[in-house]
Each structure stands twice: as structure tokens, then as C-alpha cells.
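S.K.: Chains as they are written, first to last, in our numbering: chain G, 1 to 314; chain B, 1001 to 1314; chain V, 2001 to 2337; chain D, 3001 to 3337.
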Ligand SMILES: Cc1ncc(C[n+]2csc(CCOP(=O)(O)OP(=O)(O)O)c2C)c(N)n1
Ligand SMILES: Cc1ncc(C[n+]2csc(CCOP(=O)(O)OP(=O)(O)O)c2C)c(N)n1
Ligand SMILES: [Mg+2]
Ligand SMILES: [Mg+2]
């Protein structure tokens, strides 16, 4: 389990990164849609402990936190988000980050990452044994055919693959109860896939789920499912007026389900004084702003880049 | 429950129809792929009792038996299969039979009928209450994303819809164990859909499943799932050499799981003499050959039909 | 003029769509509207705003993120007698439900020998607004290459209304492409705004007819959707260089007004075919071929369309997505050639 | 000549495909083959026969009827370092997994800024064999309209081998269209059979080059896939009417040899573009446009392609699917015009 300090640091780093990205949207530095993971940090923070370099992770339209814990270079990623000559030379952008070194990718099509994750898992199974693949999905994505098909395929082929469902109760404006029948964690049962459900702002619960699921998948080379319950603190995308969620619901969540506040509470519980925390805040703050600075110092992609790379050959 | 005579008659009619179609493939009267339902008759025969005219049914690439019990005119259907100016003027053919009067249709794309069935169910729910829709799928189709999505959609919208899975253990050459994880009947559970599993050559078991599921769906306007276990007696399509199924498996099934033999046994059990059965055979035989004769007496579609009907308007 | 008209008019294309849907739903009880976020939210672009409040959640409702299931449901419902209007949020998502479009929606009427009808409208947002390759596509030719669906692509506020009404009242399945900039832009700020009185009763527009947007004797710019608006700006720029550019709006990809294209093209010695969809095997080729087979050699033609996927960074997107500037440039090049 | 050659040679195109796969799998351990019924059965057309027996069921295996899942799996596996060859039994089924093709397979290399590669081959059977609208499509232009995938369409036994090897060794995703008649026909009975020694080691064919199949001075027939074989028969028939018809095989839709098309077309005063895919917004338009923009007015062109969906009854199918007879007829019409 992460120490209180480790957890706090990790969550704070994520928070500051996402906030900085949000600002860059407001200032017009970033165009297009932007989905932030604020409120969902603890899930990735805890998962980070169980990920190995040989594992692969396929993320969603809300990918930054997963990228960070999977080892994607934050400066390269930020440069890509900031439309610089970054991780993918400005051609992927926020929803299409590809890092073959970290075995990380994501896709902007809901649910479509899961089948691809199965491909990484097949590779692990056939030629890179011991590694596994994580397919991240939102609870909304759990209604997409691709995800079901992949669960069955992974089960029938015994692929080493963890399905991580970040359940924030909304797919854009649509609340889960209007879109999703039954219990998410039971959706694996029809395929004989074991599932773990947990509170996504409870470090211990997350730890239990991740350690059990990852161990099961690694040991038996078979799929598992984790459903972690979180709240999305921002609108679906930056600029979303977010009128569809009741003010009260939001207030409660902001108060009780903020991973940063929870982690901070643990830090205080572990005996950290206010000053020490402020000092740590400053340290992490500098680290993250250095990332931004480094990313911003990178050039914009060369215009010729736009027409390059449709094919490898030719 | 159907009387032994009713069951036998219905199964025999279906058998003779399918056999006649098989012959027409061999003689070159029918071109293209042809999937027969021989061995699976009892499922449709029993379902027939529970179907009402206001219900709709969306079938698969193996549709003839469902069409018959849903009230599609056999002569019109046969004419269509025989590439005459039939039910759909020769443009649909065997896998694309459309009868809006009987509220019947089918599709040649595995799994793709289920979403359309949901549309008929939506119509029933909104403006034709009391009716329901049956979506037929094979067990192979149960791995297609469309079917899962539709289960969730039907559950979340409370659509009056029965999913009927005819499990013949093979999708073409692929045995269920290689393609399908978990238990089919449990696949509804993740959506809170009640399921019934039954032996598809056991009239009583079928009756229990159909009466319960149809009643549940009609009463509560909500989806249900029936999985009926059958054996496909022919190759996947006419012409399939069918080497992939063990000879022994086939022999056992031919002996023990032939709906016609089972129904005949019941008839004998109900006191029917051989002569009476032979007479009945003759009667049904004439009926079915009259269908074929009537169908064959219809003209071929007019060549101009080919370019007609891409659009209603224009 | 109505009170909200004039420079202070904040209405966008999305308002027009919502108003048409409102009016048509009042007229025809069979119309149901569903898709992701079309209910309480009123659509991510606001094009279904207030509909659920007005008609309740049996006629206007949100769906799961299950495009295959709900597009199929629209098809079945249409065949059963309803008139569904379904929204695919971004056209880029069509891949996850493409079978329902390709093999069911488009073919059922034909395959049934005319016995079933599939009167539905699939509205979907298209075009580049800085969101990279999976949220910027147009895919107009992908649809137009499928026999059995009509494909309408309004370029102007007037057509956004008129073609939408025509789509809704058609007994055929219609894919209705709404350009994001048209949905988002204030009407009064559009280069070409023909919605002088957006509150007047809507008349269905004639489907399958090109429309001349501007006369011109040096070059004819043939385009659809947002590219028509860009062409208007380009034509003004060309005018300052003493080049007279006509503009023809395709409007309806299926049915395509091939005769109209050829006769319009005859009005100038050159034609530039502009498209925001990918160039290869697409609309530019179809338009050029339609002209070439009718009036071979009479008009010098060139095309200007997207030739790669859409890159994420705006500085790169601007390199590849046709715009007023690049259209003017290409027109000049064609004239010089 | 090998023992099985000659008139008694029962080998079909499917045998050639299987032999190429066998050879390539021996050469490259990274190749895995999966799809529906490709294992024990060896493919519904027999194009993967004996592979599972040879390489075991970790390298050759059956999948559930879950095209989205297994095509996606192929993409991921390719990106991770394997070289998957995946089969979509009939191209008509592509709709159920189209997102994986459109937004992932095609775009990942570009979107990644070149950082990932997607070296996979998607083999799929196309064309009309009397099975109606959902089992007869070609959809070549549907793929060709997507930036980022190569689209190869062999017309002859030689290309079935040579292009397949080229596809397998390419580092890009390739859609490989196998016409059912080419898979099913005995090679020795084909109108045009260039597989003189089908047992010789296979050389990768040059991708992106048209091929002249036949010289002709009156009309050039430009076609792909099975239509090339039909054109050969048509050309013979035309010869008896003293018409000299050349034939150009497109072979590779993407990359398309536009220059080659134009220069080949110049060899006769007319060109007939033939396609088994749907006509509108398809290959015929792209070919005509490519010629028209290069040599405007030099060649009189017409197209002959499917203009509706495929009807079920053979008597109707024959009305609409181009054949040797209809090609000859259209060529004559073009010459008379
Ligand atoms: C196939 C597809 N349909 C719709 C969308 C539009 N869309 C983007 S994110 C999203 C909601 C996803 O909800 P969820 O999976 O719960 O993830 P969250 O945004 O809550 O993290 C939708 C509908 C899409 N990108 N892809
Ligand atoms: C989407 C799609 N994939 C593949 C096929 C080819 N195909 C036709 S029937 C079939 C097997 C179907 O198996 P099942 O659902 O069990 O029905 P059964 O044939 O056993 O009745 C397959 C793979 C198809 N028609 N559609
Ligand atoms: Mg969510
Ligand atoms: Mg089966």
C-alpha cells in the first residue's frame, strides 16, 4: 500500500496536472474537447503500484491519469496536449496518446479500446508471458458492445487482462440509472469473470481490489473486472455547463469524495503538520509547473508534419 | 400445451418444408446459401402457441420455422426461397424475409436482428400495448455486441421483448466451448433479465419456459431470455460437408434428439396406431407438397423488379 | 421582423434544428427522438433543447452509449410505424453501429420488395473543430456509397430547416449531416445566412437539387456543408483579385443532382470541387465523374479536399482542412494552370 | 511442371491463399491467424486449410462471432509486435466492426505521430454468388475512402499470391479483398490464369501499380477483381465484333496508381470503367476523376457498375451485377455514342 505521503503526492501531482490543462483550455492554448480526471485520481494512484513496465494499458477519452501511472513522460504528454511537437507530434492530442515504450494508448471512441487491449494481452500471452493488459472503461462504456465482446473473448482465450471500470455514475449528462441495467460488477459473471467492486476514494478498498484482481489475472492468465466508484468533479468536458447534475449531489461529493482531501486527511492522520504539508505542496507544485514549462518550451509541430505518416511504407 | 397430434403435425410440416427446400438447393433451383432448421423444430412449434398476431418476431439466417409459426404464408415464403415473385418479389430471398402483416422479418447478419426487434418492442410499448417482440438468436450470436447492447437497452427501457436463444452448440464449425465463456442463460443476469434454460426437444420443458417467459414479458413489459438446447441435423448450410462434428455426436443426436421422432413417440404413446400415423403423414405430406406446387406455379420476378425500390420517394 | 432578429440575435443553427423538431413533433405524433444526451441536456450541441420538457420522456429520451442497439431500435420502430429521429452525436461514432446503417437501414426496404418502409432520420454532427481524427470527420461519401439511404448536407440556415423538414417527412431513411460550425455559429454571423425569418413556418426543401449560391464567370466552386460558407468568403476574396467565382451548393449527396452539377459547371470554364470529407473515393471524384461523363472536356476541373486524417493540433489542422483561404488559393492555381 | 498441374489440376484460389499463408507463417513466427472458422474447418472457403494442423492452435485459432473484439485484438496485437492475419468471412459483415477499421486500424499510425505501427492483414471475401444484398457486397470503395489502410484487390491467381505476400510483409494495415469466384474457381478454368507455376516461390507484387492485362486500341476496360476476369471474356466477344478492347487491372485501390490509369487510358479513345461495387461515390467515380484531371477531354468515358443492392433471385442478380455480357454490351454502347 502506498504510504500516506506517496498517495498524497501522487494525487496532488495528478490534480495539478489536470488543473493546469484546464487553464490551458480556458486561455485558448488547447482547442477541441478536453476531459479531465479530477475526482478520479485515487483509482489510478493505487493502480500504479500494481502496474509493471511489461504491462500494457489502453485508456479512454479521459486518459491523463492512466498515462501518468503507466509511465508516460509527463512533459511529452503535456506537450502533446498543448498542441506542441509532443508525444505524437501534435497529431494525436488529448484523446489519442500513444506511447509504445510505456505500452500505453487511448482512444476517443467509447468502448473501442477494450478490443485493442485484448490484442496487447494476446501478445503478452503468446510471447511476453507475465505481463498483463488493463482496459479502462467508464461505466457508460460498459453498455458498448465492444466491451461485452471483449469480455467474452478474453475469457474464452484466457487472456491476461484486467477490465477497470471507473464508475462516475454519468456518461456525459445521462445518469447511470437511465442507461444501465443491473449491477456493473455482475456483468462479468455471464462470462465467468470475477469482479471486484470498491469505493474509488477508499485507498484500502482500492488496494484490495487491485491486488486481488491483478494477482488473479497474472497468476491464471485470465480476465478480471474491477468497478471503482468515483465522482467526476468537473463537467464532462471543459466548458460543459453541467446543469444536469443536482447542485446538492455535487456539493456532497466535493466535500466527501475528493481524493485530494481524503489523502490529505490521511496525511494529517499520519502526523503531518500543516507546515510540512504546505512545503510538500510547494515541492509538488514546482515539479508540475516545471513539466508545463518544459512542455511549453517545445516548438509547435512543423506544418509539414500534418501530411506525414498516413502509411509506414510508400 | 399442444396435443401430441398438434405437435407432431407441426413438426412434420416444418420438417417436410425444410427437406423440400433442401432438395431445391440440390437441384439448382435455389442458389446462394441455405440454412435449414431441421432438428430445431420443436422450439418453434411450442413457441407458436404463445405468439399472438400483435407480436413481432425478428429471426436469423435460419428463419423458416419462425416464419411459419409467426403466420407468414408458406406459399409466399416458399416462392421467395425458390427465387420466384414471392413474399419479397425475389429481392430478399431466404435470409431476408419481410412480412409486415405477420410482423415478421429476419436478417443474415448474425446478432443484428436483436436491435431491430427492440424497435418493434418500443412500438408495442408506446402505441400497441400488450404486444411483445421475440428476437431469435443462435448461441453463436450471443457473443455479438449487438445482442448484449440490446439486452441492456431492453432492460433499461422496460421493453416487452423475449430473447430466444436456440443453442445448437455450434456456430458454423466452432463448438460453443471454443467461443463462448460462462453460461448462456446467465448472460441476462448482468442486466437483471430473468432467464429460462430448457431442453429443446422436451415439449414440457419448452412449454414451461415459453409460458413463463412470455407471461413475464407481457405482464411486466420487460425482457426475458430463453435458452433452448437443440441439435442442428444438417450442415450449417446445404452443401456443408460437416466434417467438424464428430460422427458419434451426430449419431447420438440423430437417435435421441430428433424432434420428429420424439413427437412421433408421443403420438404412439397417446395410442396412435401405425396406420393412423401413416395416414396423417400422407395428409401433411400433401399439404406441404401443395405449398411447393403453388409456389412453383408463381412466375419469376419481372427483370425490371431488380432496379425498383431502392427508395420509396423519388 | 421578429423581436430577436438583428445583430443581437443569438440564435445558432442548433436553435433552428430544435425549432424544426418541435414543430414537426407537434404535427406528427409518431415522431420519437432518442440518442445520447438528447433528453434532459437537450443534446451536446443543444439541437434537441426543450424537446423532452415539451413532449415528455416517452417521446424524447436518452439512450445508453449503445449506438448499435438504439439505431437498430430506430429501424425496427420505423418499420413498425413510428417515425424515429435518432442522433449520433458525432458522425465519427458511426463505426460502432455501421452494420445497422449498411445492412439494415439502407437495405430493408429494397430487400423486402418494398413491403417495409424505414422512415427515420439519423441526425449527426460533422466536421473539424479542432478535435483530431476521431471527432472531426464528415464521412458524407461513406454514407453516399450505400444504396438505400438519402444523404442530406445543409450548408445554410435555410436548408438546415428546409432539408430537415423534408428528411422528417420522407418515407425513406435519411442521414442528415449537421456541420458543427453551422450548429454552433450565430446565424447572423454566418458568411451566408438565408434565414431571414427563422420563425416563419418551414417549407420542406426540394431534395436532390443543387443550388446556385453565387453567380460567377471565371470559376465555379462546387461544395457542400461548411465548405459552402467558406467558399462564400473565398469568393469575396477572389473578387478583390478580379476573379469572378460562382458557388454551387450540392446539398443532397443522395439523390445527387448530376444533371444540375453539369449544367452549373458549364457556366464557367473551370470548376473547383471542394470537400471537407476525405478526398479519395469520395464526393470530389463522384462530382468530377458526373460532370466528365456529361460534358467531357468542357470544363477544366480540380479538387480540393482533405488528403489525410485530421491532426490534433490546430496549427496542423489548418494545414489540411480546406478553408476560405485555401479555397481561394486553389481557385487561383486552377485558373493559372 | 508439378504433378498436379494441367487440366486435372483441382486447385482453386483458396488453395493458393492457404499455400501463401503456410509459407509466410514458416518464414515469420510473429504471424498469427484468427477469425471465424479458420481453425479446424480451415475457413468457409478453405483458404486457411491445414494451417492449424501445421502451426497449432495458438498461432491459428477460431474466434467467437465477435468481429469487433477480434479485429480490435488484431490491431492491439499488431501494435504490440505480432503480425496478425485476420479473416472477416464475408466483407458484408464489416459493419459490425467498422469502428475498429475506421477509427483504430486506419488512424492509429497517423495519430501516434508514427510511433505505433499496425502491421496486419484483414482478408475478406467479396462479390456476388447469388446470396442477396447482405452476402454479395464488395465495399472496396468503403475501405478506400478511409485514409490509412491499403486496399488490395487481386483479379488473377498470380496477384492472389503476389499481393498477399506484399500485404503480409507490409508494415501498414491492409484490407485484402478475395473475390469468392476467385477463391472457388479452379485456376485452370479461369478466363485469365497467370499462375503457371503456383508452386514456385512467391514474390511480393508491386503495390500501387495498375497492370495491363490485354492490349486494345478501340476501348480500354478498367476494372478490378472478378470484373477483370469478366472483362477478359468480354474482350474476346468484342473481338468477334472487330472491336479491340484493352484491359487494365486496378489491383490496388489504395495506393491508387492514378498516373498509370491516365496513361493506360490514353491508349484508346474510350474507356469503360467497370466495377462490381456500388457505383455511386465509389471506384468508378474516382477512376474517372483521376483520368479527367490528368488528361481532360482526351478520353471518352463511361462507367458500368452496380446501381442497386444485390437482389436475391439469380434472374434478378443477373440484371444488375456486371458480367462479361453486360460489359461487352456497354463497351459497344460507349463506342457507338
Ligand atoms: C461510440 C461513442 N459514442 C459516443 C461518444 C461520445 N462520448 C464521449 S465520452 C461519453 C461518455 C462516456 O461515459 P463513461 O464511459 O461513463 O466515461 P466518463 O466520461 O464518465 O469518464 C460519450 C457518450 C463516443 N466518444 N464514442
Ligand atoms: C456478423 C456476422 N458474422 C458472421 C456471419 C457468418 N455466419 C453466418 S451464420 C454463422 C453462425 C451462427 O451461429 P449461431 O448464432 O449459433 O446460429 P446457428 O447457425 O447455429 O443457427 C456465422 C458465423 C454473419 N452472417 N454475420
Ligand atoms: Mg461515466
Ligand atoms: Mg449455433
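No residue lacks a Cβ here, since even glycine has one placed at the ideal position from N, Cα and C.
Go ahead and pull the three-state DSSP assignment for residue 64 of chain G.
M.R.: Helix, per DSSP.
S.K.: If you measure from the beta carbon of residue 156 of chain G to each beta carbon in chain B, is any gap under 8 Å?
M.R.: Taking Cβ atoms only, chain B reaches closer than 8 Å to residue 156 of chain G, which makes this a yes.
S.K.: Taking the straight line between their C-alpha atoms, what separation do you get for residue 1022 of chain B and residue 1038 of chain B?
M.R.: The alpha-carbon atoms of residue 1022 of chain B and residue 1038 of chain B are separated by roughly 10 Å.
S.K.: Please report how far the alpha carbon of residue 3180 of chain D lies from the alpha carbon of residue 3049 of chain D, in whole angstroms.
M.R.: Spanning the two alpha carbons is a distance of roughly 16 Å.
S.K.: List, in chain order, every chain D residue whose beta-carbon is nearer than 8 Å to that of residue 2103 of chain V.
M.R.: Neighbours of residue 2103 of chain V on chain D, chain order: 3092, 3095, 3133, 3134.
S.K.: In the stretch 3305 to 3331 of chain D, which residues sit with their C-beta less than 8 Å from some C-beta in chain B, listed in chain order?
M.R.: Flagged, chain order: 3307, 3308, 3309, 3311, 3312, 3313, 3314, 3315, 3316, 3317, 3319, 3320.
S.K.: Please list, in chain order, all residues of the same chain as residue 3166 of chain D whose beta carbon is under 6 Å from its beta carbon, the five residues on each side excluded.
M.R.: Cβ neighbours of residue 3166 of chain D beyond the five flanking positions: 3204, 3205, 3207.
S.K.: Going by the C-beta, is residue 1168 of chain B closer than 7 Å to any heavy atom of ligand 4?
M.R.: Yes, the beta carbon of residue 1168 of chain B sits closer than 7 Å to at least one heavy atom of ligand 4.
S.K.: Identify every run of the alpha helix (DSSP H) within the stretch 2043 to 2081 of chain V, keeping only runs that are complete inside it and at least 4 residues long; order them along the chain.
M.R.: Listed in chain order, the complete alpha helix (DSSP H) runs (minimum 4 residues) inside the stretch 2043 to 2081 of chain V are 2051 to 2055, 2067 to 2080.
S.K.: Measuring only between beta-carbons, confirm whether residue 1171 of chain B sits less than 8 Å from chain G.
M.R.: With 8 Å as the cut-off, residue 1171 of chain B does not count as an interface residue toward chain G.
S.K.: Is the separation between the beta-carbon of residue 1192 of chain B and that of residue 1225 of chain B shorter than 8 Å?
M.R.: No. Outside cutoff.
S.K.: Please confirm if the stretch 277 to 293 of chain G is in contact with the stretch 3074 to 3086 of chain D, defined as three or more CB-CB distances below 8 Å between the two stretches.
M.R.: Touching, no.
S.K.: With which residues is residue 226 of chain G paired in a DSSP beta bridge?
M.R.: Partner(s): G/164, G/196.
S.K.: Pick helix, strand or coil for residue 2150 of chain V, following the three-state DSSP scheme.
M.R.: Reduced to three states, the DSSP call for residue 2150 of chain V is strand.
S.K.: Could you tell me whether the Cβ atoms of residue 3103 of chain D and residue 2099 of chain V are closer together than 8 Å?
M.R.: No, the Cβ-Cβ distance between residue 3103 of chain D and residue 2099 of chain V is not below 8 Å.
S.K.: Applying the criterion that 16 or more other CB atoms from any shown protein chain within 10 Å of the CB defines a buried residue, is residue 53 of chain G buried or exposed?
M.R.: Burial call: exposed.
S.K.: Measuring from the CB of residue 1138 of chain B, is there a heavy atom of ligand 4 at a distance below 7 Å?
M.R.: Yes.
S.K.: With a cut-off of 8 Å, does the C-beta of residue 1166 of chain B fall near any C-beta of chain D?
M.R.: It does not; no Cβ of chain D falls within 8 Å.
S.K.: Is the CB of residue 83 of chain G under 8 Å away from at least one CB in chain V?
M.R.: Closer than 8 Å to some Cβ of chain V, the Cβ of residue 83 of chain G qualifies, so yes.
S.K.: Using beta-carbon positions only, say whether residue 3302 of chain D and residue 3230 of chain D come within less than 8 Å of one another.
M.R.: Going by C-beta atoms, residue 3302 of chain D is not nearer than 8 Å to residue 3230 of chain D.
S.K.: At 9 Å on the CB atoms, spell out the chain V contacts of residue 3180 of chain D, in chain order.
M.R.: None at all; the shortest Cβ gap to chain V is about 18 Å.
S.K.: Quick one: Cα of residue 3109 of chain D to Cα of residue 3148 of chain D, how far?
M.R.: Their backbone Cα atoms lie some 8 Å apart in a straight line.
S.K.: Would you say residue 3337 of chain D reaches chain B, if we count a Cβ-Cβ gap shorter than 8 Å as a contact?
M.R.: No, its Cβ sits nowhere closer than 8 Å to a Cβ of chain B.
S.K.: Could you spell out where the beta strand (DSSP E) holding residue 1042 of chain B opens and where it closes?
M.R.: No beta strand (DSSP E) holds residue 1042 of chain B; the alpha helix (DSSP H) holding it covers 1041 to 1048.
S.K.: If you check the beta carbons only, do residue 3046 of chain D and residue 3063 of chain D fall under 8 Å apart?
M.R.: Not a contact, by the Cβ cut-off of 8 Å.
S.K.: So residue 3245 of chain D and residue 3225 of chain D are in contact, right, with Cβ under 8 Å, and what is the actual spacing, rounded?
M.R.: In fact, because the Cβ distance is near 18 Å, the residues do not count as touching under 8 Å.
S.K.: Rounded to whole angstroms, what is the Cα-Cα separation between residue 3075 of chain D and residue 3012 of chain D?
M.R.: About 30 Å.
S.K.: Here's the rule I'm using: 16 or more other beta-carbon atoms within 10 Å means buried, otherwise exposed. How should residue 3003 of chain D be labelled?
M.R.: Residue confidence is low: residue 3003 of chain D scores 40 on pLDDT, short of 50, so the model does not pin down where it sits. Its coordinate-derived value is still stated next. So residue 3003 of chain D counts as exposed.
S.K.: In three-state DSSP terms, what is residue 1150 of chain B?
M.R.: Looking at residue 1150 of chain B - three-state DSSP - the assignment turns out to be helix.
S.K.: Looking at chain B, which residues of the stretch 3059 to 3070 of chain D have a Cβ within less than 9 Å of any of its Cβ atoms?
M.R.: For the stretch 3059 to 3070 of chain D, which is checked against every Cβ of chain B, the residues closer than 9 Å are 3061, 3062, 3063, 3064, 3065, 3066, 3067, 3068, 3069.
S.K.: Going along chain D in order, which residues have a C-beta closer than 9 Å to the C-beta of residue 1116 of chain B?
M.R.: Those do not exist, as residue 1116 of chain B stays about 13 Å from chain D at its closest Cβ, beyond 9 Å.
S.K.: Does the Cβ of residue 234 of chain G have 16 or more other Cβ atoms within 10 Å, making it buried, or fewer, making it exposed?
M.R.: The residue is buried, with at least 16 neighbouring Cβ atoms inside 10 Å.
S.K.: I want to see whether chain D comes within less than 8 Å of residue 2025 of chain V, judged by CB atoms only; does it?
M.R.: Closer than 8 Å: no.
S.K.: For residue 3090 of chain D, report the span of its beta strand (DSSP E) as first-last.
M.R.: It spans 3083 to 3090 - the beta strand (DSSP E) in which residue 3090 of chain D sits, taken as one unbroken run.
S.K.: Name the chain B residues whose beta carbon is nearer than 8 Å to that of residue 180 of chain G?
M.R.: Going along chain B in sequence order, the residues near residue 180 of chain G (Cβ under 8 Å) are 1152, 1156.
S.K.: DSSP state of residue 1357 of chain B, grouped into three classes?
M.R.: Missing from the structure shown is residue 1357 of chain B; chain B here goes from 1001 to 1314 and no further.
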